[in-house]
Structures are given as C-alpha cells and as structure tokens.
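Asker: For what it's worth, full-length UniProt numbering labels the leading residue of the sequence shown as 1, then goes sequentially. For each residue, glycine too, the CB sits at the ideal point set by N, CA and C.
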Amino acid sequence: MRGPRAFGTGTLNKHMTLSLFTGYPLYQLGNPQLRVFRTNFFIQLVRPGMAQPEDTVQFRIPMEMTRVDLRSYLERIYNVPVAAVRTRVQHGSNRRRDYRNVRIKKPDYKVAYVQLAHGQTFTFPDLFPEKKRPEGSSVTEDLQDQVLEDQRRRQSCDPRLGGVPGWFSL
Numbered sequence: 001m002r003g004p005r006a007f008g009t010g011t012l013n014k015h016m017t018l019s020l021f022t023g024y025p026l027y028q029l030g031n032p033q034l035r036v037f038r039t040n041f042f043i044q045l046v047r048p049g050m051a052q053p054e055d056t057v058q059f060r061i062p063m064e065m066t067r068v069d070l071r072s073y074l075e076r077i078y079n080v081p082v083a084a085v086r087t088r089v090q091h092g093s094n095r096r097r098d099y100r101n102v103r104i105k106k107p108d109y110k111v112a113y114v115q116l117a118h119g120q121t122f123t124f125p126d127l128f129p130e131k132k133r134p135e136g137s138s139v140t141e142d143l144q145d146q147v148l149e150d151q152r153r154r155q156s157c158d159p160r161l162g163g164v165p166g167w168f169s170l
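Structure follows, in structure tokens:
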C-alpha cells in the first residue's frame, strides 16, 4: 500500500519533468520579480512600557524572524523607511500553576525595536481622549465626580490581597 503523497510531488523519469506552477514564467536573474510572496510571519505593534524616542517603534515578532527579515518586511510591504533594527528575546513567565500545582510556562517571544529613518516619527493615536469640561461647569458636578472616584477607588480590589475579599483580611 502506498502512503499519502504531498501536494505537487510526483514520480519523474528521464523523459518527463514536473512543473508546479505552469501559469508563471520561470524567474531568471536580472529580470523583475513577477510574484509577491507574503510571509507567514505575524508582527504586532506594541505600545512600549517605558518612554522611548519618537523615532523608535516596538514590535513583538516570532522567534524565527530575524532583524533582516523585519527590515525587508517593513520596507517592502509597508514602505516604512528603517534606519536600524535591534532585537531581544523575552522569556515567558512560568509563575502560573494549574490545578495539579504544575508550572505553566508562557511561550518566549522576540521584541524588536525599530528605529525609523531620519525625520520619521511615530506616536500612538489617542483612542479614548478625556472629556474637556466647559468653563461654566458647576461645583456640584465636580464634587459628584470626586465622590464617584472615591467610591470606585474604595471598591477596587487591593492587589496585595491576591483576589481574597476585603472582609476576609484583618
């Protein structure tokens, strides 16, 4: 019994050839590239935790992606001029435990810091801007907002308790 065969494979003898892509002409050195290949990489634009210069953008990229891959990805697909790319590996935490008290490790990922070309800057858009108060706002509205904020602060959980209700602590 024959096993399953992969797509595009076949048997070749000395008189026959196998072509996978019959619709596209063969690429030859010096000619323009006829196809655009999208990569299998997914990159995430991340808001940095610490303040960074305006010309630096932080990405979360797969472990297999190199800085050369990222540079060509941004320059060719998104037309973003890149001056430099620096990468580091962030180890996933393994503090969480499951019901059997076995540690669960989050996967490692790579962080890339892309410095844009001279004169290029990037700032995150403000998706949820604060509402501006009209100058004629009353004192009662300000007092009411202050009371609501105090109530929210009192009802929020203390992170030091670790999810234990407030009435349980001493």
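Give the DSSP-derived three-state secondary structure of Val102 in the structure shown.
Answerer: Position 102 of the sequence shown holds residue 102. Note: Val102 maps to coil in three-state DSSP.
Asker: Return the Cβ separation of Lys106 and Met65 in integer angstroms, given the expectation that the two are a contact with Cβ distance under 8 angstroms.
Answerer: For the purposes of this step, residue 106 is identified with residue 106 of the sequence shown, where counting begins at 1. For the purposes of this step, residue 65 is identified with residue 65 of the sequence shown, where counting begins at 1. Wrong, their Cβ atoms sit about 19 angstroms apart, outside the cutoff.
Asker: So Gln115 is in the beta strand (DSSP E); what residue range does that whole segment cover?
Answerer: Counted from its first residue, the sequence shown places residue 115 at position 115. Note, Gln115: beta strand (DSSP E), Tyr109 to Leu116.
Asker: Does the stretch 83-95 come into contact with the stretch 108-124, if we say contact requires no fewer than three beta-carbon pairs (one atom in each stretch) closer than 8 angstroms?
Answerer: Because the criterion of three Cβ pairs below 8 angstroms is met, the stretch 83-95 and the stretch 108-124 touch.
Asker: Take Val68 as the anchor and find which of Gln33, Tyr113 and Tyr99 has the nearest alpha-carbon.
Answerer: Start at 1 with the first residue of the sequence shown, and residue 68 comes out as number 68. If we check each option's Cα against that of Val68, Tyr113 comes out closest.
Asker: Looking at the structure shown, is Leu26 part of a helix, part of a strand, or coil, going by DSSP?
Answerer: The residue labelled residue 26 in the question sits at position 26 within the sequence shown. Of the three classes helix, strand and coil, the one that applies to Leu26 here is coil, per DSSP.
Asker: Which value, in whole angstroms, describes the spacing of the CA atoms of Ala83 and Ala51?
Answerer: Numbered from its first residue, the sequence shown carries residue 83 at position 83. Numbered from its first residue, the sequence shown carries residue 51 at position 51. Approximately 19 angstroms, taken between the alpha carbons.
Asker: In the DSSP assignment, the beta strand (DSSP E) including Ile43 goes from what residue to what residue?
Answerer: In the sequence shown, counting from the first residue as 1, residue 43 sits at position 43. Per DSSP, Ile43 belongs to no beta strand (DSSP E) and is neither H nor E.
Asker: Can you tell me which of the three DSSP states Thr140 falls into?
Answerer: On the sequence shown, position 140 is the one that residue 140 refers to. Residue state, collapsed to three classes: helix.
Asker: Rounded to the nearest angstrom, how far is the Cβ of residue 182 from that of Glu54, given a contact under 8 angstroms?
Answerer: In the structure displayed, the chain extends from 1 to 170; residue 182 sits before or after that span and is not available.
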